[in-house]
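K.L.:
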Amino acid sequence: MKKFIFIFLVLATMISFSYDYTMYDLGIAHKISVIEDKPLIIYFSSPSCVYCKKFESEVLSDEKFQELLKLYYTFVKVEPNNNKTIFLENEYTNNELFGAFGVRGTPTFVFWYKDAGITMVPGFMPLEDFLNALNYILKYVYEDYREDFQTFLDNKESFNPKTKVINISNNDADFVLAHDKNAKKYTSDQKIEKGTVYLVYSKEDLEKLKQSGVFRILFVNK
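Per UniProt numbering, the sequence shown starts with residue 1, numbered consecutively.
Next up, the structure:
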């Protein structure tokens with residue numbers, strides 16, 4: 001079975017479920033993350049896992065944590081079962097994904113960007129540690145930050161978000177609208193939410209959205 005290789009970042013100091021935008025198919029989540037140019041968090045869980053429930057009740061339910069996920073990440077939950085998915089052109093059951101990623105216990109969190117793993121963190125992380133990790137990964141992905149995690153903490157670094165416009169095809173637009181509950185077509189009568197992924201079909205609407213402070217805009221090529 002194929003094993004995945006990671007560029008391991010050192011996160012040495014870290015070591016009721018209500019997030020509406022969780023995905024459950026890794027292949028779909030990965031494709032969404034690539035189209036939207038977002039890092040992917042793969043959350044390996046199991047129904048009997050006590051610390052998974054602790055993560056969901058103490059971390060995932062937190063408003064600030066959910067805001068970061070919604071703005072900047074794609075989040076997928078994988079549990080051990082025989083559901084099938086296509087990931088990187090190979091078919092896996094969820095059970096096989098545990099082996100392919102080398103997951104030995106739950107919870108385990110895999111941070112992935114485009115077609116490569118960034119790092120894998122096994123075990124429960126308290127809220128503040130996880131928030132710091134999310135910001136560190138964002139700075140690594142979007143700002144080419146290459147200091148270690150402890151330096152990031154010591155210097156009180158932060159991620160500086162900027163509006164990002166991504167050109168996509170009509171087929172990709174249809175895929176996003178079908179599978180990402182956080183994505184919607186922009187219309188001029190909508191109330192703008194900065195955490196929403198907007199799809200726009202005209203340059204006029206694109207310019208309006210760019211001025212609004214929205215983080216992610218998908219410009220659909222006709």
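No residue lacks a Cβ here, since even glycine has one placed at the ideal position from N, Cα and C.
1) Got a sec, what are the start and stop residues for the alpha helix (DSSP H) Asn171 sits in?
2) Please determine, among Lys77, Lys64, Asp25, Lys194, the residue with the shortest C-alpha to C-alpha distance to Pro47.
3) Do Leu177 and residue 228 count as a contact pair if the criterion is CB distance below 8 Å?
4) Please tell me whether Ser158 and Asn135 are closer than 8 Å, where the distance is taken between their beta carbons.
5) From what residue to what residue does the beta strand (DSSP E) around Val200 run?
6) For Thr151, count neighbouring C-beta atoms within 10 Å of its own C-beta (all shown protein chains included) and say buried if the count is 16 or more, exposed if not.
7) Where in the segment 95-148 do unbroken runs of the beta strand (DSSP E), each at least 3 residues long, occur, reported from the N-terminal end onward?
8) Between Leu97 and Leu26, which are expected to be in contact by the criterion C-beta below 8 Å, what is the C-beta distance as a whole number of angstroms?
9) Which value, in whole angstroms, describes the spacing of the CA atoms of Leu68 and Asn82?
10) Span of the alpha helix (DSSP H) holding Asn65?
11) Please say whether Thr106 and Phe65 have beta carbons closer to each other than 8 Å?
12) Cα separation between Val103 and Glu207?
13) Who are the near neighbours of Phe124 in its chain, counting only those whose CB is closer than 7 Å to its CB and skipping five residues on each side?
14) Going by C-alpha distance, which of Ile137, Tyr145, Ser33 is nearest Val197?
15) Can you give me the Cβ contacts of Ile15 inside the same chain, cut-off strictly under 6 Å, excluding the 5 residues immediately before and after it?
16) Where do the N-terminal and C-terminal ends of the alpha helix (DSSP H) with Lys84 fall, by residue?
17) Pull up the DSSP beta-bridge partners for Ile41, would you.
P.N.:
With the given structure in hand:
1) As a first step, residue 171 must be located in the sequence shown, where it is residue number 171. Element bounds for Asn171: 170-179.
2) Along the sequence shown, read from residue 1 onward, the residue named residue 47 stands at position 47. Measuring from the Cα of Pro47, the nearest candidate turns out to be Lys77.
3) Missing from the structure shown is residue 228; the chain here goes from 1 to 222 and no further.
4) Mapped onto the sequence shown, residue 158 falls at position 158. Mapped onto the sequence shown, residue 135 falls at position 135. Cβ distance < 8 Å, so Ser158 and Asn135 count as in contact.
5) Here residue 200 corresponds to residue number 200 of the sequence shown, with the count starting at 1. Segment 197-200, the beta strand (DSSP E) holding Val200.
6) Locating residue 151 in the sequence shown gives position 151, counting from the first residue. Within 10 angstroms of the beta-carbon of Thr151 lie fewer than 16 other beta-carbons, which makes it exposed.
7) Fully enclosed beta strand (DSSP E) runs of 3 or longer: 108-113, 116-122.
8) Here residue 97 is taken as the residue at index 97 of the sequence shown, counted from 1. Here residue 26 is taken as the residue at index 26 of the sequence shown, counted from 1. About 6 Å separates the two Cβ atoms, so the contact holds.
9) In the sequence shown, residue 68 corresponds to position 68, counting from 1. In the sequence shown, residue 82 corresponds to position 82, counting from 1. Here the C-alpha atom of Leu68 lies approximately 31 Å from the C-alpha atom of Asn82.
10) Against the sequence shown, residue 65 aligns to sequence position 65. Before going further, note that residue 65 is Phe rather than Asn in the sequence given. It spans 63-72 - the alpha helix (DSSP H) in which Phe65 sits, taken as one unbroken run.
11) Within the sequence shown, the letter at position 65 stands for residue 65. Within the sequence shown, the letter at position 106 stands for residue 106. In terms of Cβ geometry, Phe65 and Thr106 do not form a close pair [threshold 8 Å].
12) In the sequence shown, residue 103 corresponds to position 103, counting from 1. In the sequence shown, residue 207 corresponds to position 207, counting from 1. Rounded to whole angstroms, Val103 to Glu207 spans 44 Å at the Cα level.
13) The residue labelled residue 124 in the question sits at position 124 within the sequence shown. The answer, listed in chain order, is Tyr51, Lys54, Phe55, Pro107.
14) As a first step, residue 197 must be located in the sequence shown, where it is residue number 197. Ranking Ile137, Tyr145, Ser33 by Cα distance to Val197 puts Ser33 first.
15) Within the sequence shown, numbered from 1, the residue matching residue 15 stands at position 15. In this predicted model, Ile15 has a pLDDT of only 38, less than 50, meaning its place in the structure is not dependable; the value taken from the coordinates is given anyway. There are no such residues.
16) Locating residue 84 in the sequence shown gives position 84, where the first residue counts as 1. Looking at the DSSP string, Lys84 is not in any alpha helix (DSSP H); the run it does join, the beta strand (DSSP E), is 84-87.
17) Within the sequence shown, numbered from 1, the residue matching residue 41 stands at position 41. Note: Ile41 sits in a beta bridge opposite Phe75, Phe111.
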